[in-house]
Every structure is written in structure tokens, then in C-alpha cells.
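Data block below; observations after.
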Amino acid sequence: MSNPTTTSATMTRMIVDVHTHIFPPSLIADRAHLASIDAGFGELYASPKAGMATAEHLLASMDAAGVDVSVACGFWWQHGAQAAEHRAYLLDAAAQSDGRIVPFVPIASDEDASVLDAAVAQGARGLGEWRGGGELDDASAEFVRRATALGLPVLAHCSEDVGHLYPGKHGGLTPGGLWRLISTQPEARVIAAHWGGGFPFAGLMPEVRAALEAGHVLFDTAATPLLYEPRVFIAARMLLGDAIVAWGSDFPLREQERDRAQVEAAGAGFAETYRDAILGGNAARFLELS
Ligand SMILES: [Zn+2]
23 MSNPTTTSAT
33 MTRMIVDVHT
43 HIFPPSLIAD
53 RAHLASIDAG
63 FGELYASPKA
73 GMATAEHLLA
83 SMDAAGVDVS
93 VACGFWWQHG
103 AQAAEHRAYL
113 LDAAAQSDGR
123 IVPFVPIASD
133 EDASVLDAAV
143 AQGARGLGEW
153 RGGGELDDAS
163 AEFVRRATAL
173 GLPVLAHCSE
183 DVGHLYPGKH
193 GGLTPGGLWR
203 LISTQPEARV
213 IAAHWGGGFP
223 FAGLMPEVRA
233 ALEAGHVLFD
243 TAATPLLYEP
253 RVFIAARMLL
263 GDAIVAWGSD
273 FPLREQERDR
283 AQVEAAGAGF
293 AETYRDAILG
303 GNAARFLELS
């Protein structure tokens, strides 16, 4: 027997993590070799200490952290063979997850954007994690154009122009690259990862504000404790309001349970509606989750 009180509380407080990564066991087992043939992969995953998770790991983590839905992303592969294998795995895992895994599929730099057509037919819900080549290169822009034509949002790995170096910092979309994307492809729907590389301050410029108010962009909080002080949540609310930030853990880089707790703590001084919006409400609306 279901408890109606519990059911309605669950419905009003859907917890969504918009930024996680899973890999097929075959690619995890082959990581040393893959690191030698794909520099971008090697930068992040050559070390056996760098966490890699399967769909089973993610679902177990979601149970432990009380997460209803996770966006599971691929990786910005160099070669189509790995991207194709990764896409197939993500789509299969999502199909078996009863709606708990939303698959954002990868595309390799040597692939044609048309591979997204088949992925959509098989259930892809987004493109990601995608890397725009800093200031947005033409080939990357073409991938987004195709995704948008197919109705897919794009989860963009964004990185800062300033601050410390870390694996994966180079090649992420910079704030300038993100603005180029938003202003040249206003119909594109973008989850700008890692706070858009520091983009939110530009939200105070009227023309940027107007572009953001179209509702096509979400900023995710992935890897916040590795990048910013907790006050980033307060600053972002002042700069952007309540409707445009969504929780992303970057699991398994960050544990979902611990990351969620840190978001709850950072927003402890705010109305519950703000925390609810960040922890699921904004993502549910953006991803059209029911
Ligand atoms: Zn990222």
C-alpha cells in the first residue's frame, strides 16, 4: 500500500543529478590501453585511482543518496570506436533503468554529427559530456547544431580562464566560448557544466540576461568543492536567480551522497524552494521529466 503523504512529498521533491559518468565494463578494463591511444581520456583516466563507474555502481549510489534520476554522460572520445561502444552501453543501461538513468551520449572528434540521428532513434536524451574546444571550434559547433535539430540538449564541459590547472581544464568551453554558442545558436539547449567556467557574472549584462531568460541554459554545480568556496551558491543566486542552477555531482569523481549533503548545507540559509529547485526542480523542468 502506498502512503499518499509520502508519494506527494516525493513528487514535489524530485532529486535529480544532471552530471554523472558511467562506462561499460569493457572500456574500464581497457583503460591503460585507451589512455595510450586517446590523450584526452589519458589525461583524466590513466591513473587507476581515477574513479570509473558502471551503471550498477551509479544505481547503487543513487539508492544510497536518495537520487531519483541521474543524467549519465559519455566522454569526449577521440575515436569513433570507443564512442560507439559507449553510446550503446548508455542507451542499454537507460532502457533497463525504469527512467532513473537519462542517457547523454558521446560523440568522438573523428565522427560525423549524423551518428546522433541513430542514437536519438534508440533513446538518447542528450549529447555529452561534450567539449567545445575552448572558444568553440567549428567542428564542435556543428555537433551542437545537429543535436539541437534533433531536439537534444548538450552537456558542455566548461572551464575557467583563470585559476589552478587540473586534468581536463584545457579544451573545455570557456565563458567566451559559451557566449559564442549561446549567441550564435540561440535555440541550442545547454547544460553548462562546472558553473559555466565562471560565466554567471556575465548574467548581470542585460543582453546576456535576456539570452539566459529564454530558458535554454542551465548551469550545473559539478565538482564545486574542487573549484569554488561554498559561497558560490549564494553568489549564483544573486547573479542568476532561482531557476537556472542544477545540481550535478560529477559522480564518480564526487560521491553523490556527500556532494548532495554539501549542496544542502551550502543552501541552508535559503528558502527550501531554492534548494528544491537546485536539487531537482530546475533539472526536471529542463529535461521534461515527469
Ligand atoms: Zn566536465
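If you're matching positions, the sequence shown starts at 23 in my numbering and goes up one per residue. The C-beta atom is built at its ideal place from N, Cα and C for all residues, glycine as well.
Check	Outcome
Residues bridged to Ile213 by DSSP?	Leu177, Leu240
Can you grab the Cα-Cα spacing for the pair His179 / Gly154, in whole Å?	8 Å
With a cut-off of 7 Å, does the C-beta of Val93 fall near any C-beta of chain C?	Among the chains in the structure shown there is no chain C, since it carries only a single protein chain.
For the structure I just gave you, are there three or more beta carbon pairs, one from the stretch 194-201 and one from the stretch 145-165, closer than 8 Å?	yes
How about the stretch 37-52 and the stretch 105-113: do they share at least three Cβ pairs that are nearer than 8 Å?	yes
Could you give the DSSP three-state label for Ser30: helix, strand or coil?	Because the pLDDT of Ser30 is 40, which lies under 50, any placement of that residue in the model is unreliable, and the number read from its coordinates should be weighed accordingly. Correct three-state label for Ser30: helix.
Mind checking Ser162: buried by the 16 CB within 10 Å criterion, or exposed?	buried
For a test of your reading of the model: does the CB of Glu107 fall under 6 Å from any non-hydrogen atom of ligand 1? Yes or no.	no
Please state whether the Cβ-Cβ distance between Pro274 and Ala75 is less than 7 Å.	yes
Three or more beta-carbon pairs under 8 Å between the stretch 169-186 and the stretch 214-226, yes or no?	yes
Please list, in chain order, all residues of the same chain as Ser205 whose beta carbon is under 7 Å from its beta carbon, the five residues on each side excluded.	Ala233
Hey, Val40 and Gly289: beta-carbon distance below 7 Å or not?	no
For a test of your reading of the model: does the CB of Leu215 fall under 6 Å from any non-hydrogen atom of ligand 1? Yes or no.	One point to set straight first is that residue 215 is Ala, not Leu, in the sequence displayed. True, at least one ligand heavy atom lies under 6 Å from that Cβ.
Distance, Cα to Cα, Gly145 vs His79?	21 Å
Does the stretch 262-269 come into contact with the stretch 293-304, if we say contact requires no fewer than three beta-carbon pairs (one atom in each stretch) closer than 8 Å?	yes
Suppose you measure from the CA of Ser24 to the CA of Leu81; what does that come to, to the nearest Å?	Low per-residue confidence applies at Ser24: pLDDT is 37, beneath 50, and the placement is therefore not dependable, though the value from the model is reported in the following sentence. So the alpha carbons of these two residues sit roughly 22 Å apart.
My assumption, with CB atoms under 8 Å, is that Pro189 sits in contact with Glu65. Please give the rounded CB distance.	5 Å
The beta strand (DSSP E) with Ile123 in it runs from where to where?	123-127
Closer than 8 Å is the cut-off here; do at least three beta carbon pairs connect the stretch 254-263 with the stretch 52-67?	no
Ligand 1 and Glu151: does any heavy atom of the ligand fall closer than 6 Å to the residue's C-beta?	yes
Is Phe273 helix, strand or coil by DSSP?	strand
Helix, strand or coil: which one does DSSP assign to Ala306?	helix
Is His179 near ligand 1, judged by its Cβ being under 6 Å from some heavy atom?	yes
What is the DSSP secondary structure of Met23, counted as helix, strand or coil?	In this prediction, Met23 scores a pLDDT of 36, lower than 50, which makes its location untrustworthy; no coordinate-derived value is stated.
What residue from Arg122, Leu249, Ala169 has the CA that sits closest to Gly185's CA?	Leu249
Throw me the rounded Cβ distance for the Leu149 and Leu112 pair, which I believe falls under 8 Å.	With 8 Å as the limit, Leu149 and Leu112 do not qualify as a contact, their Cβ atoms being about 11 Å apart.
Comparing alpha-carbon positions, which option in Phe223, Val166, Pro228 lies nearest Leu261?	Phe223
Considering only DSSP beta bridges, list what Arg153 is partnered with.	His179
Closest to Glu209 by CA distance: which of Leu172, Asp183, Pro228, Glu182 is it?	Leu172
Could you name the residues that DSSP lists as bridge partners for Val254?	Paired residues: none, contrary to the question.
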